[in-house]
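Structure, as structure tokens:
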Amino acid sequence: SIHYLLALWGRLVAAVPYVRADTGARGHVQALEKHVLTVVETYVESMLGSVETVMLSDGALDDPLDDDGSLKEQLDRLPVLCRFQYGPVASIILNKFDPLLNQYQELMAHLGNASTENAPADLQRRVALVEGQITWLVYLVGTVVGGHSWSSTHMGEGEETIDASLSRRALQLSQIVDYRLNTSNGVGRSSSRVEIALLYYFQNFRRVYMFMWDQVRAF
Numbered sequence: 007s008i009h010y011l012l013a014l015w016g017r018l019v020a021a022v023p024y025v026r027a028d029t030g031a032r033g034h035v036q037a038l039e040k041h042v043l044t045v046v047e048t049y050v051e052s053m054l055g056s057v058e059t060v061m062l063s064d065g066a067l068d069d070p071l072d073d074d075g076s077l078k079e080q081l082d083r084l085p086v087l088c089r090f091q092y093g094p095v096a097s098i099i100l101n102k103f104d105p106l107l108n109q110y111q112e113l114m115a116h117l118g119n120a121s122t123e124n125a126p127a128d129l130q131r132r133v134a135l136v137e138g139q140i141t142w143l144v145y146l147v148g149t150v151v152g153g154h155s156w157s158s159t160h161m162g163e164g165e166e167t168i169d170a171s172l173s174r175r176a177l178q179l180s181q182i183v184d185y186r187l188n189t190s191n192g193v194g195r196s197s198s199r200v201e202i203a204l205l206y207y208f209q210n211f212r213r214v215y216m217f218m219w220d221q222v223r224a225f
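Per my numbering, residue 7 is the first one in the sequence shown, and the count goes up by one each step.
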């Protein structure tokens with residue numbers, strides 16, 4: 007299954023510091039960087055594609071987002087892979103996130119203060135598709151931003167900037183969700199999945215950055 011494959015690649019990445027130079031470490035690392043990027047990109051494409059596949063199955067297929075155990079295992083294994091090639095991986099996520107964020111904002115503006123359930127069927131399907139895909143991306147952002155605490159012993163150069171860029175998208179989504187909820191008096195509520203994914207992001211952000219700030223202040 008997916009989490010076993012992620013675990014396998016994660017072990018390969020974790021072994022990099024122990025590869026001896028006289029056994030061709032440079033070539034090994036370069037090859038691994040290339041393949042890991044392909045693995046992560048394929049994973050992202052697969053998860054985003056699964057949203058529409060599940061919708062078209064009309065209940066015949068299980069939704070991966072409903073399998074909490076498998077989802078947690080995948081999210082636990084992704085930080086090591088993603089932060090190994092953090093810059094390129096972040097670009098992959100952002101290139102998917104930005105168009106979806108724009109689509110979602112347009113769909114929410116189209117819905118106005120009305121609930122999604124009262125919208126035309128076609129609009130409901132478009133909202134469900136975008137919300138499902140953006141949920142996956144928020145989980146990805148949450149796990150890689152929060153992954154610093156267990157994927158390395160120090161913050162690599164430029165990684166805080168990448169964390170900030172990814173976090174900006176999650177915060178923009180949160181603003182869209184919050185604004186629509188407040189202006190519609192609670193009627194225009196986003197999918198609970200989106201809300202849960204955002205909570206996951208905030209928990210990870212708080213655990214890494216608020217804890218780090220507390221440690222700095224302690225000194």
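Virtual Cβ for every residue (Gly too), placed ideally from N, Cα, C. Remember, predicted model here, so these are calculated numbers, not experimental data.
Contacting residues, own chain, Cβ-Cβ under 8 Å from residue i (five flanking each side not counted)
i, result
"VAL144", "ALA176, LEU179, VAL200, ALA203, LEU204, TYR206, TYR207"
"ARG131", "MET61"
"SER76", "SER7, ILE8, HIS9, PRO70"
"VAL35", "VAL22, VAL25"
"THR159", "Here the model assigns THR159 a pLDDT of 48, short of 50, so the residue's position is not dependable and the matter cannot be decided."
"GLN91", "GLU39, VAL42, LEU43, VAL46"
"GLN209", "GLY148, GLY152"
"ASP104", "ARG175"
Expected contact under 8 Å - CB spacing of residue i and residue j to nearest Å
i, j, result
"GLU79", "HIS9", "4 Å"
"ILE98", "VAL50", "6 Å"
"THR3", "LEU43", "Residue numbering for the chain in the displayed model covers 7 to 225; residue 3 lies beyond these limits and cannot be assessed."
"GLY65", "ILE168", "Going by Cβ atoms, the distance from GLY65 to ILE168 rounds to 39 Å, so no, they are not a contact pair."
Chain-order list of residues whose beta-carbon lies under 6 Å from that of residue i (same chain, five-residue window excluded)
i, result
"GLY153", "PRO85, ARG89"
"MET53", "TRP142"
"SER157", "Because SER157 sits at a pLDDT of 41, beneath the cut-off of 50, its placement in the model cannot be relied upon, and the point is left open."
Cβ neighbours of residue i in the same chain (closer than 7 Å, five flanking residues each side left out)
i, result
"ASN119", "THR189, SER190, VAL193, GLY194"
"GLN45", "Per the sequence shown, residue 45 should be read as Val rather than Gln. Here the set comprises TRP15, LEU87."
"ALA96", "ILE168, SER171, LEU172"
"LYS102", "VAL50, LEU54, LEU143"
"ALA5", "Residue 5 is absent from the model: the chain starts at 7 and stops at 225."
"SER56", "PRO70"
"ASP184", "none"
Check whether residue i and residue j have beta carbons under 8 Å apart
i, j, result
"VAL136", "THR122", "no"
"LEU172", "VAL151", "yes"
"GLN109", "ILE182", "no"
"ALA125", "LEU117", "yes"
"MET114", "ARG186", "yes"
"LEU18", "LEU38", "yes"
"LEU100", "GLN139", "no"
Any non-hydrogen atom of the ligand ADP within 7 Å of residue i CB
i, result
"LEU117", "In terms of ligand content, the structure shown is empty, and the ligand ADP therefore cannot be addressed."
4-residue-minimum alpha helix (DSSP H) runs that sit fully inside the stretch 144-196, ordered along the chain: If we require 4 residues or more, the alpha helix (DSSP H) runs fully inside the stretch 144-196 come out as 154-157, 165-189.
Minimum length 3: unbroken beta strand (DSSP E) runs contained in the stretch 78-152: Positions of the beta strand (DSSP E) runs, each at least 3 residues long and wholly inside the stretch 78-152, cannot be given because no such run exists.
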